[in-house]
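If you're matching positions, the sequence shown starts at 394 in the working numbering and goes up one per residue.
Heads up, the beta-carbon is just placed ideally off N, CA and C, and yes, glycines get one too.
Below: the structure, in structure tokens.
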Amino acid sequence: YAELSGSYRYSDFSTFGGNDVYGVKLVYRPIRDIAFKTSFNTSVRAPSLSETNLPQTQTFLSFTDPCATVNIQNFADLAKAANRI
């Protein structure tokens, strides 16, 4: 058998506005001992008071992967560089 279920919620925040949150779930059982399940859900987190009063900013984080082969030559200690391969 197959089972399809869904959910929906509308949240209205006085400082943030309204949001729709929904989900869909499907369960398929070809036989009693085997089940295939899948789902799709959305979620919303209302910002805290400090987040609503912050000025707009744009941030780009940079990250250097020490294990990437292009970065191994940048290490001065060759023994450490050899262990990172």
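| Query | Result |
| --- | --- |
| The stretch 396-405 contacting the stretch 418-438, beta-carbon criterion three pairs below 8 Å | yes |
| Identity of the residues DSSP links to Arg402 by a beta bridge | Val414 |
| Residue from Asn434, Asn446, Pro448 and Gln449 whose Cα sits closest to the Cα of Val414 | Asn434 |
| Coarse secondary structure for Thr445, derived from DSSP in three states | helix |
| DSSP beta-bridge partners of Leu454 | DSSP output for Leu454 lists no bridge partner at all. |
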